[in-house]
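Asks: Per our numbering, residue 28 is the first one in the sequence shown, and the count goes up by one each step. All C-beta atoms, glycine included, are put in the ideal place defined by N, C-alpha and C. Just so it is clear, the structure is predicted and the values come from calculations on it, not from any experiment. Okay, handing you the structure first.
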Amino acid sequence: MTNTAAAPKQDVFQAVADPTRRELLGLLGDRELPLKDLTGHFPMSRTAVSKHLRILSDAGLVRERKVGRETRYRLNADPLLELKRWLAYFDRFWENKLSLLKHYVESSPDTGTPAAAEERLRLASPAQQPTLPHQASSVQVPED
Numbered sequence: 028m029t030n031t032a033a034a035p036k037q038d039v040f041q042a043v044a045d046p047t048r049r050e051l052l053g054l055l056g057d058r059e060l061p062l063k064d065l066t067g068h069f070p071m072s073r074t075a076v077s078k079h080l081r082i083l084s085d086a087g088l089v090r091e092r093k094v095g096r097e098t099r100y101r102l103n104a105d106p107l108l109e110l111k112r113w114l115a116y117f118d119r120f121w122e123n124k125l126s127l128l129k130h131y132v133e134s135s136p137d138t139g140t141p142a143a144a145e146e147r148l149r150l151a152s153p154a155q156q157p158t159l160p161h162q163a164s165s166v167q168v169p170e171d
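If you want it as structure tokens, here you go:
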């Protein structure tokens, strides 16, 4: 006899790593939807969407329910707690960076306007400038 309530067959981290599966979770976040409604949101076949849903189901993130001939899917957010706990550990690094930025902005003159803050960042040396994700690492700041 097999236990159907066994541990998930798929890792939650691997399941949410794919952008299509993350979008599926978003669509199922506040309502239950059948496969035909989910398929319309993606430029792929019904079979491909079904495979993504199977991976999410194997990770325990999606539950299925038969209604007549139709299978409806809904989010089960409980396994996301593992992901949330893991990410919470790294929050302290972001909080530290934001605290440093706040201190820098508040300790500089003319802090009253956004333009002044932007100018301070522009004039800062490259070592002091915050690196934004969309900035290329080879960007040079001209020296005055």
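Look up Glu97 in the DSSP assignment and give the residues it is bridged to.
Replies: For Glu97, which the question treats as bridged, DSSP gives the partners Val94.
Asks: Excluding five sequence neighbours on each side, which residues of the same chain lie with their C-beta closer than 6 Å to the C-beta of Arg49?
Replies: Cβ neighbours of Arg49 beyond the five flanking positions: Val43.
Asks: Which residue from Pro106, Pro70, Val94, Arg96 puts its Cα closest to that of Gly87?
Replies: Nearest of Pro106, Pro70, Val94, Arg96 to Gly87, Cα basis: Pro106.
Asks: Tell me, to the nearest whole angstrom, how far the beta carbon of Ser77 is from that of Leu62; I am working on the premise that it is less than 8 Å.
Replies: Indeed they touch by this definition, with Cβ atoms about 6 Å apart.
Asks: Check for me: the alpha helix (DSSP H) holding Ala75 runs from which residue to which?
Replies: Taken as a continuous stretch (DSSP letters only), the alpha helix (DSSP H) holding Ala75 covers 73–85.
Asks: With respect to the alpha helix (DSSP H) encompassing Gly53, which residues constitute its N-terminal and C-terminal limits?
Replies: From DSSP, the alpha helix (DSSP H) with Gly53 extends over 46–54.
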